[in-house]
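A.B. asks: Pasting in a structure now, in C-alpha cells, and then I'll have a few things to ask.
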Amino acid sequence: MATKAYILIETSVGSTVDVCTQLNTLNGIILVDPVTGPYDIIAIIDTESLSSVGEIVTNNIHKISGVVRTVTCLSIS
C-alpha cells in the first residue's frame, strides 16, 4: 500500500533555495515547494511504506545542511 506524507521543513536563514535543490534529487519526493509561514518548505513523499517515509526523513532530509527541523504529516486518504 502506498504511503503519502507531507514534510514541513524549517531551514536556517538563507538556505531555503539550496535545501530545495537537494530535496529535488531524492528518490520518493514528488514535490518540493518553498512556502511562507512558520515553515520554509513543504515536501511531499510518495513511497511504498511507512518505514520508507521514515528512512527518507531520517537518513536523507535530516542530513541536508540547512535543515533545522521537520514535522511529518501522514495522509489519511
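Letter by letter, the sequence shown follows residues 139 to 215 of this note's numbering. We treat Cβ as the ideally placed atom computed from N, Cα and C, and that holds for glycine.
1) If we require 3 or more residues per run, which beta strand (DSSP E) segments fall completely within the region 187-212?
2) Would you kindly work out how many angstroms separate the C-alpha atoms of threonine 185 and alanine 140, rounded to a whole number?
3) Taking the straight line between their C-alpha atoms, what separation do you get for isoleucine 145 and leucine 169?
4) Please classify valine 131: does DSSP put it in a helix, a strand, or coil?
5) With aspartate 178 and threonine 154 assumed to form a contact (beta carbons below 8 Å), what rounded beta-carbon distance in angstroms separates them?
C.D. replies: In short:
1) Runs found: 205-212.
2) About 6 Å.
3) If I take the Cα positions, the gap works out to 10 Å.
4) Missing from the structure shown is residue 131; the chain here goes from 139 to 215 and no further.
5) Right, the Cβ-Cβ distance comes to about 5 Å (below 8 Å), so this counts as a contact.
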